[in-house]
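Notes for the one structure printed next.
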Amino acid sequence: MAPSAIYASEQLPLLLADGAALEVISDAVDKVNKLKGLSSPITAYDSESKFDVAKDKASFRQYETACERVRDFYSEQHARQTVEHNLRMRAHFFDPKRKREEMTIWQAMERLNTLIDDSDPDTDLSQIQHLLQSAEAIRRDGKPRWMQVTGLVHDLGKLMLFFKGCSTGQWDVVGDTFPVGCKWDEKCVFAEAFGQNPDREHPIYGTKNGIYTPGKGIDQFMMSWGHDEFLYLVLKDQSVLPREALAMIRYHSFYPWHHEGAYKEFMADGDEVLLRAVQAFNPYDLYSKTDEEPDVEKMKPYYMELIDEFFPQKVLKW
Numbered sequence: 228m229a230p231s232a233i234y235a236s237e238q239l240p241l242l243l244a245d246g247a248a249l250e251v252i253s254d255a256v257d258k259v260n261k262l263k264g265l266s267s268p269i270t271a272y273d274s275e276s277k278f279d280v281a282k283d284k285a286s287f288r289q290y291e292t293a294c295e296r297v298r299d300f301y302s303e304q305h306a307r308q309t310v311e312h313n314l315r316m317r318a319h320f321f322d323p324k325r326k327r328e329e330m331t332i333w334q335a336m337e338r339l340n341t342l343i344d345d346s347d348p349d350t351d352l353s354q355i356q357h358l359l360q361s362a363e364a365i366r367r368d369g370k371p372r373w374m375q376v377t378g379l380v381h382d383l384g385k386l387m388l389f390f391k392g393c394s395t396g397q398w399d400v401v402g403d404t405f406p407v408g409c410k411w412d413e414k415c416v417f418a419e420a421f422g423q424n425p426d427r428e429h430p431i432y433g434t435k436n437g438i439y440t441p442g443k444g445i446d447q448f449m450m451s452w453g454h455d456e457f458l459y460l461v462l463k464d465q466s467v468l469p470r471e472a473l474a475m476i477r478y479h480s481f482y483p484w485h486h487e488g489a490y491k492e493f494m495a496d497g498d499e500v501l502l503r504a505v506q507a508f509n510p511y512d513l514y515s516k517t518d519e520e521p522d523v524e525k526m527k528p529y530y531m532e533l534i535d536e537f538f539p540q541k542v543l544k545w
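For the sequence shown, my numbering assigns the number 228 to the initial residue and increments by one for each residue that follows.
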């Protein structure tokens with residue numbers, strides 16, 4: 228059976244009522260990234276992050292268990308994130324026949340709350356509270372309003388779990404991202420797992436440059452399908468967020484690029500600004516989660532004002 232037939236037959240049903248399982252994987256991935264010391268100096272947007280100076284960034288529960296879970300996750304992700312899969316998912320996203328749910332940003336945050344339950348091993352906080360923690364850390368450090376609202380919305384792409392045909396399992400929702408259509412860089416996490424990906428033997432996709440041109444720009448990449456790419460596609464035409472904010476959303480899981488220095492030969496003039504933006508955002512994504520519960524109702528008026536400023540059309544098509 229051809230690889231495409233295998234993957235089509237193996238598409239998972241939407242077992243997505245089990246949002247806690249997704250968060251277990253997502254949080255475990257974050258924990259391993261923390262262990263790797265992924266803290267980048269901020270060279271833009273005022274200064275380095277300050278909120279995390281006193282944090283013990285290597286301190287969290289059951290690292291070995293989390294690492295094993297993450298390895299299993301990436302084995303599946305790396306084997307199944309093919310060009311064919313990515314083209315299929317984008318075709319579905321843009322299909323004019325796809326019924327796109329319509330929600331405001333705050334409604335989307337409330338909807339995402341249903342992905343959290345008591346089986347989450349790392350925190351009892353809801354998704355809204357996690358998003359507020361990210362936004363509040365950015366706000367406390369005096370970063371601009373557009374960056375604050377970016378922290379507030381950056382995980383809303385996980386809503387793809389609720390939309391029929393937008394994902395086939397956890398492996399194409401969370402985790403580190405990378406370009407498809409070229410040889411995977413060795414700096415990708417668990418890079419050896421790409422050995423099971425059928426694109427490895429493709430005469431073009433398996434080459435160093437693949438379908439891309441060095442120096443043409445980071446935006447030429449077809450990034451692996453997941454919640455980062457989904458949210459980017461939703462927001463790029465339905466917000467007034469600056470290019471730097473959209474880069475934070477699209478590339479915040481692209482660790483091989485923004486932390487390990489891979490794929491830089493594909494960057495064009497001006498991409499350094501995007502790289503600095505993603506590096507500036509990274510600490511607020513990794514280190515803001517605590518068990519200190521934000522007062523959602525107290526904070527809501529401030530963030531509703533931010534939402535109205537950057538999402539003037541109010542209701543978005545997801």
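Quick reminder that beta carbons are idealized off the backbone N, C-alpha and C, glycines included.
Taking only the alpha-carbon atoms, compute the straight-line gap between residue i and residue j and give it to the nearest angstrom.
i	j	result
K525	Q506	30 Å
G402	S302	11 Å
H305	V376	31 Å
S469	L501	In the sequence under discussion, the amino acid at residue 469 is Pro, which differs from the Ser named in the question. So the alpha carbons of these two residues sit roughly 11 Å apart.
Y439	D426	15 Å
A504	G497	12 Å
A495	D446	9 Å
F537	H454	20 Å
A362	E520	14 Å
P510	T395	29 Å
L249	Q397	6 Å
T434	E487	20 Å
M449	G442	15 Å
C205	F493	Residue 205 cannot be examined here, being either before or after the span of the chain that is shown, 228 to 545.
L243	K544	Because the pLDDT at L243 is just 42, under 50, the model does not fix this residue reliably, and the value given afterwards should be weighed accordingly. Looking at the two C-alpha atoms, the distance is approximately 20 Å.
P323	L386	19 Å
G444	F389	32 Å
E428	G437	12 Å
F508	W484	14 Å
V467	M374	12 Å
L533	Q360	15 Å
Starting from residue i, trace the alpha helix (DSSP H) both ways and give me its first and last residue.
i	result
E536	523 to 537
S361	354 to 367
F320	310 to 321
F389	Looking at the DSSP string, F389 is not in any alpha helix (DSSP H), and its letter there is neither H nor E.
F508	498 to 513
W333	332 to 339
T377	372 to 380
Am I right that residue i and residue j are in contact with their C-beta atoms under 8 Å? What's the rounded C-beta distance?
i	j	result
Y432	V542	Contact flag wrong, Cβ pair sits at about 39 Å.
F512	H381	The question names Phe, but residue 512 is Asp in the sequence shown. With 8 Å as the limit, D512 and H381 qualify as a contact, their Cβ atoms being about 7 Å apart.
L460	F320	6 Å
Indicate whether residue i and residue j have their beta-carbon atoms separated by less than 9 Å.
i	j	result
W411	R317	no
L458	G384	yes
P406	Y490	yes
M336	Q308	no
With a threshold of 9 Å between beta carbons, is residue i in contact with chain D?
i	result
S302	No chain D appears in the structure shown, which is made up of a single protein chain.
Compute every distance between the C-beta of residue i and the non-hydrogen atoms of the ligand COA, then say whether any falls below 8 Å.
i	result
D464	Although the ligand COA was asked about, the structure shown includes no ligands whatsoever.
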